[in-house]
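Engineer: Before I ask anything, here is the structure I am working with.
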Amino acid sequence: MELPPIDEDLIWEEVCGGQKKNRVYGKGAFFSSSIKSRTTSANSVSGRASTNQNFVPDLREQIHNLNEELFQRVTQQTDERISKLLDTRLAPLEKTQKKLEKLERAIEKAKKEKLKQKRWNEAYVSYYKKVRASSSSTTAPPPPPPPPPSISSDEDYDDDGDEDDTEDYS
Numbered sequence: 001m002e003l004p005p006i007d008e009d010l011i012w013e014e015v016c017g018g019q020k021k022n023r024v025y026g027k028g029a030f031f032s033s034s035i036k037s038r039t040t041s042a043n044s045v046s047g048r049a050s051t052n053q054n055f056v057p058d059l060r061e062q063i064h065n066l067n068e069e070l071f072q073r074v075t076q077q078t079d080e081r082i083s084k085l086l087d088t089r090l091a092p093l094e095k096t097q098k099k100l101e102k103l104e105r106a107i108e109k110a111k112k113e114k115l116k117q118k119r120w121n122e123a124y125v126s127y128y129k130k131v132r133a134s135s136s137s138t139t140a141p142p143p144p145p146p147p148p149p150s151i152s153s154d155e156d157y158d159d160d161g162d163e164d165d166t167e168d169y170s
């Protein structure tokens, strides 16, 4: 008893769900011509087709799970790299920011000292004008000179609280 020939197009449509395009990929022309003459049991072909149909959704689910896992790993690695980069870049920036704030405080202090000095100079000029005016008109004792401006010493000024007052502005 001879079995009927296998319809390749029917098998292709059952397994892959589409037209075959007249080729069996990877086997060459010899394989496609020899399949037409080959005969196999119809039960084994339909059994393989149903197994493949169940296998395709499992593969799709597995691919989906692997893609999600890959995305999570890439996201985690990216987050770790960004965190490491921020740690390495922000530490020097914070140190520079503290130095800048200290310089701004020193500039503000210098401005206040300069203003005190300017006021003292103006008071002293005014004093000398009064002394000249009083010495030419009367013999009254000259008015007392203005007190010198109070200049705070840098030794008492420690704005950053560290023990070492030497600064590295590099």
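Here the sequence shown stands for residues 1 to 170, where the numbers follow the UniProt record's numbering.
Cβ atoms here follow ideal geometry from the backbone N, Cα and C, with glycine treated the same way.
No experiment lies behind these values; they were computed from the predicted model shown.
1. For TYR124, tell me which candidate among PRO147, LYS111, LYS95, GLN72 has the shortest Cα-Cα distance.
2. Suppose the cutoff is 7 Å on Cβ atoms and the five residues either side in sequence are ignored; what does the same chain contact list for ASP7 look like?
3. Would you kindly work out how many angstroms separate the C-alpha atoms of ASN121 and LYS99, rounded to a whole number?
4. Reducing DSSP to helix, strand and coil, say where ASP9 ends up.
5. Can you tell me which of the three DSSP states TYR128 falls into?
6. What separation, rounded to the nearest whole angstrom, lies between the Cα atoms of LEU70 and GLN62?
7. When DSSP labels each residue in this structure, what does PRO148 get in the three-state scheme?
Structural biologist: With the structure as the only source:
1. PRO147
2. none
3. 32 Å
4. helix
5. helix
6. 12 Å
7. coil
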